[in-house]
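Working notes, beginning with the structure itself.
2 protein chains.
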Amino acid sequence: MHIRQLLVDARACAGPLDDADALAGAVDDAARAVGATIVERARARYVPHGVTVVAILAESHVVLSTWPEHRLALVDILLCNDMMDPRGAWAVLAGVLRPAEIVATEATRGLVASTPEPAIG
Amino acid sequence: MHIRQLLVDARACAGPLDDADALAGAVDDAARAVGATIVERARARYVPHGVTVVAILAESHVVLSTWPEHRLALVDILLCNDMMDPRGAWAVLAGVLRPAEIVATEATRGLVASTPEPAIG
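Residue numbers (the working numbering), protein chains in the order written: chain A, 1 to 121; chain B, 1001 to 1121.
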């Protein structure tokens, strides 16, 4: 089993970091873009600003948190399906967040894979 | 602003990885242990097994996902309050998950701190 995680610090974002509906829609779109299935959602709107949006997936989760006052968004995409590339989900979020600069970290979480990765196609 | 993240891969867990109520309670306790405020919760129970529990905090979030069939749990603790140490939250979760082995990664997310860290006390 491979569990792939992509963490992105999105800086100097031009997107709507304080618009909970727009961000929740972006997270949904990001999950769908990689073929993931959303099984639960949660969100919080902070006072005076900031949003956290969570999508729990059949294949793990996407979490997006924003600090509009710093034009900062943090993204955590965890996918436990070998066929799904978290970078595809990030690409959708990037289109909405529109960061000028990103710091991205990819990791394989969990157990060392015990089976060969299946070939695509 | 410091945003501290602790990622833990908890392996060979002896704890109740398929008990959503126990895990949700542990996440609540973990958040409270560092003085964090829970503003929203979500959870999913997978078929045939596995649980994801999310607590959105005033200070960011805790996400716990389990794969009971692999005795594996993944924990993500993100805290944007300098006074809160994610390791305190992990200690509570460790007591419930009871892993035989962990791989832990700490990171500072977001912007480079632009203000001095306040002194404690």
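Quick reminder that beta carbons are idealized off the backbone N, C-alpha and C, glycines included.
Listed by position along chain A, the residues whose Cβ is nearer than 8 Å to that of residue 1037 (chain B) form an empty set, because the closest Cβ is around 11 Å away. Look at residue 32 (chain A) here: in three-state DSSP terms it is helix. For the pair residue 1097 (chain B) and residue 1045 (chain B), the Cα-to-Cα distance works out to about 17 Å. Closer than 8 Å to the CB of residue 40 (chain A) there is at least one CB belonging to chain B. Excluding its 5 nearest sequence neighbours in each direction, residue 1057 (chain B) has C-beta neighbours in its own chain below 8 Å: 1031, 1036, 1037, 1038, 1039, 1079, listed in chain order. Close CB contacts of residue 1068 (chain B) within its chain, under the 7 Å cut and outside five residues either way in sequence, are with 1017, 1018, 1049, 1050 (chain order). Counting along the chain, the unbroken beta strand (DSSP E) around residue 75 (chain A) starts and ends at 72–79. In the structure shown, the three-state DSSP call for residue 1017 (chain B) is coil. DSSP places residue 1058 (chain B) in no beta strand (DSSP E); its state is neither H nor E. Contacts with chain A at 8 Å (Cβ-Cβ) include residue 1011 (chain B). Interface criterion not met: the Cβ of residue 1002 (chain B) is under 8 Å from no Cβ in chain A.
For residue 96 (chain A), the secondary structure class from DSSP, reduced to helix, strand or coil, is helix. In this chain, the beta strand (DSSP E) harbouring residue 105 (chain A) covers 101–109.
For a Cβ distance threshold of 9 Å, nothing in chain B lies close to residue 49 (chain A): the least Cβ distance comes to about 13 Å. For residue 69 (chain A), there is no enclosing beta strand (DSSP E), as DSSP marks it with neither H nor E.
If you check the CB distance, residue 53 (chain A) and residue 89 (chain A) do not come in under 8 Å. Each residue's CA atom was taken as its position, placing residue 1101 (chain B) and residue 1014 (chain B) some 11 Å apart. The beta carbon of residue 52 (chain A) sits closer than 8 Å to some beta carbon of chain B.
Against residue 1063 (chain B), the close residues of chain A are 61, 63, in the order they occur along the chain (beta-carbon pairs closer than 7 Å). For residue 1009 (chain B), the enclosing beta strand (DSSP E) has its first and last residue at 1003–1011. Residues of chain B with a Cβ closer than 8 Å to the Cβ of residue 18 (chain A) do not exist; the shortest Cβ-Cβ separation is about 16 Å.
Contact annotation, residue 23 (chain A) with residue 104 (chain A): C-beta distance approximately 19 Å; criterion of less than 8 Å not satisfied. A Cβ of chain B is located within less than 8 Å of the beta carbon of residue 111 (chain A).
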